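S.K.:
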Amino acid sequence: MIILALESSCDETSAAIVERSDSGFKVLSNVIASQIETHRLYGGVVPEIASRAHIEAISKITYEAIETAEVNISEIGLVAVTANPGLIGALLVGVNFAKAFALANSIPLVAVDHIKGHIAAAYLTDDENSPRPPFLALAISGGHTSIYKVEDYTEYHTVGRTRDDAIGEAYDKIGRLIGIPYPAGRGFDELSSEGFFRASGECADPYKKYRKSDAYKNGTMTLPSPALSDGSLDFSFSGLKTAAVNLLNKYKMQGVELDRALFAARYTYEATEAVAKKIGMALSENPGFDLVVAGGVAANSHIRKRLSEVAKAAGARLFIPPLCYCGDNAAMIAAQGYYEYLSGNLSDSALNASAQDFEE
Ligand code: KG4
Ligand code: ZN
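Numbering that gives the first Met the number 0 numbers the first residue of the sequence shown as 0 and each following residue consecutively.
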């Protein structure tokens, strides 16, 4: 089956053609039109500008995806589109285009949840190397920090979540305050690497040495853990964010120059250890489960490495999509769309977008 997928939930318009065969998924094209340069001027996503940019891009990139994949429209057997959660105006652009395309070409249509799509990025390979439900999934992105029990391809149960800010959102806000352009995650990652190296003096695995030594505890850069210590699998990133803002203000008021790399390392250490702690708990509560980690923040080199250690210690297999499928893209929507189709979750021209998470 040839699947056309569309994604427009935030600041990237994407269209993909993905082929599903007996052995697995093959991405034939995955075109992404990023609006990041436009939003960077404002330090974050401006919803109205995002919607307009999606409108301008969607038709062009859809036909580009079809041409790049060298398929005919008549070969497309399914249209999959992100319908929630996200910016409502942005989502509506993809949903309306997908409805029109499916109707005009008499192709079945399925609605896909963006977060389930992120996790389905782990399926974008042959089935032998894909996770099979049930498994645990961690979605870390600009809008989510959630742990799910994926009972089946379309059946998700939330077992942990942030009670306030998302990990990526906090990275972007704190990154901005230390001069990293939007979106700050990647720049923060690189700056943290420098900090771990400088603090630990270790070249091979500076994070590990940093974690095992007391180096990070020295000095004035104390930050709280965003892992709630109430026995739940929940997080609170607003506490870490506020403490980081206060720390930065204290430095400013005292006229002390901030060592940005050491600060970034300390912040990344707390974020990473919180995720590692909760995933360690979730894996021990669910013996035999494998782990999928997905979403834009799954590109973080320190989190990737640390979670591979946690999964190994728990005897779980870890699936993290390659970097190109961690951020927002339509190929992942195609993979989830295929399973929605198999489950009979078809949509029609009454489909509407929603800013909300899926209901359980
Ligand atoms: O999944 P995504 O592309 O969009 C949402 O669905 O939100 O995630 C975007 C988030 C941004 O907050 C961005 O700063 C963050 O992912 N991000 C990273 C890294 N690369 C992207 N955060 C930490 N480290 C990275 N290497
Ligand atoms: Zn996303």
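Glycine included, every Cβ here is placed at the ideal spot set by N, Cα and C.
Computed from a predicted structure; not experimentally measured.
Report yes or no: do three or more beta-carbon pairs, one from the segment 147-154 and one from the segment 338-352, lie closer than 8 angstroms?
M.R.: Judged by Cβ distances under 8 angstroms, the segment 147-154 makes contact with the segment 338-352, as three or more pairs qualify.
S.K.: Got a sec: does ligand 2 put a non-hydrogen atom nearer than 8 angstroms to the Cβ of S73?
M.R.: Within the sequence shown, the letter at position 74 stands for residue 73. Checking the Cβ of S73 against ligand 2 gives no.
S.K.: Do T61 and F96 have their C-beta atoms closer together than 9 angstroms?
M.R.: As a position in the sequence shown, residue 61 is number 62, starting the count at 1. As a position in the sequence shown, residue 96 is number 97, starting the count at 1. In this structure, F96 lies closer than 9 angstroms to T61 by Cβ.
S.K.: Taking C-beta to C-beta, are L190 and V78 nearer than 9 angstroms?
M.R.: In the sequence shown, residue 190 corresponds to position 191, counting from 1. In the sequence shown, residue 78 corresponds to position 79, counting from 1. Taking 9 angstroms as the Cβ cut-off, L190 and V78 do not qualify as a contacting pair.
S.K.: In chain order, what residues of the same chain have a beta carbon less than 7 angstroms from the beta carbon of V92, not counting five sequence neighbours either side?
M.R.: To locate residue 92, count along the sequence shown from 1; it is residue 93. Within the same chain, V92 has close Cβ partners S7, S50, H53, I54, I57.
S.K.: Let me know the secondary structure DSSP gives G76 once reduced to three states.
M.R.: If you number the sequence shown from 1, residue 76 lands on position 77. If DSSP states are grouped into helix, strand and coil, G76 belongs with the strands.
S.K.: Classify S13: buried if its beta carbon has 16 or more other beta carbons within 10 angstroms, exposed otherwise.
M.R.: Indexing the sequence shown from 1 puts residue 13 at position 14. So S13 ends up on the buried side.
S.K.: Report the option in N299, R185, G279, D112 whose CA atom is closest to the CA atom of A312.
M.R.: Counted from its first residue, the sequence shown places residue 312 at position 313. Out of N299, R185, G279, D112, G279 has the C-alpha closest to the C-alpha of A312.
S.K.: Work out the CA separation of S192 and L123 for me, nearest whole Å.
M.R.: As a first step, residue 123 must be located in the sequence shown, where it is residue number 124. As a first step, residue 192 must be located in the sequence shown, where it is residue number 193. When rounded, the distance between both Cα atoms is 29 angstroms.
S.K.: Use the C-beta contact count for A310: other C-beta atoms within 10 angstroms, 16 or more gives buried, fewer gives exposed.
M.R.: Within the sequence shown, numbered from 1, the residue matching residue 310 stands at position 311. Classification for A310: buried.
S.K.: Whole angstroms are fine: how far does the CA of G200 sit from the CA of F357?
M.R.: The residue you call residue 357 lines up with position 358 of the sequence shown. The residue you call residue 200 lines up with position 201 of the sequence shown. When rounded, the distance between both Cα atoms is 45 angstroms.
S.K.: Measuring CB atoms only, is the segment 113-123 touching the segment 38-48, in the sense that at least three cross pairs come out at less than 8 angstroms?
M.R.: Flag = no, the segment 113-123 and the segment 38-48 do not touch.
S.K.: So, A169 versus L239, is the Cβ gap smaller than 9 angstroms?
M.R.: Working through the sequence shown from its first residue, we reach residue 169 at position 170. Working through the sequence shown from its first residue, we reach residue 239 at position 240. Against a cut-off of 9 angstroms, the Cβ pair of L239 and A169 comes out as a contact.
S.K.: Mind listing, in chain order, the continuous alpha helix (DSSP H) runs of no fewer than 4 residues lying wholly within the segment 71-143?
M.R.: If we require 4 residues or more, the alpha helix (DSSP H) runs fully inside the segment 71-143 come out as 87-103, 113-119.
S.K.: Would you say the beta carbon of H113 comes nearer than 8 angstroms to a heavy atom of ligand 1?
M.R.: For this step, residue 113 is matched to residue 114 along the sequence shown. For ligand 1, at least one heavy atom lies less than 8 angstroms from the Cβ of H113.
S.K.: Give the single residue among V17, D233, A15, V80 whose Cα lies nearest to the Cα of A352.
M.R.: For this step, residue 352 is matched to residue 353 along the sequence shown. Comparing Cα positions, the closest option is V80.
S.K.: Roughly how many angstroms separate the alpha carbons of P225 and S348, rounded to a whole number?
M.R.: As a first step, residue 225 is located in the sequence shown; it is residue number 226 there, counting from the start. As a first step, residue 348 is located in the sequence shown; it is residue number 349 there, counting from the start. So the alpha carbons of these two residues sit roughly 42 angstroms apart.
S.K.: Confirm, please, whether the CB-CB distance from I319 to V291 is below 9 angstroms.
M.R.: If you number the sequence shown from 1, residue 291 lands on position 292. If you number the sequence shown from 1, residue 319 lands on position 320. Yes.
S.K.: Is it the case that the Cβ atoms of A15 and S28 are separated by a distance below 9 angstroms?
M.R.: Taking the sequence shown and counting its residues from 1, one reaches residue 15 at position 16. Taking the sequence shown and counting its residues from 1, one reaches residue 28 at position 29. Result yes, Cβ atoms of A15 and S28 sit closer than 9 angstroms.
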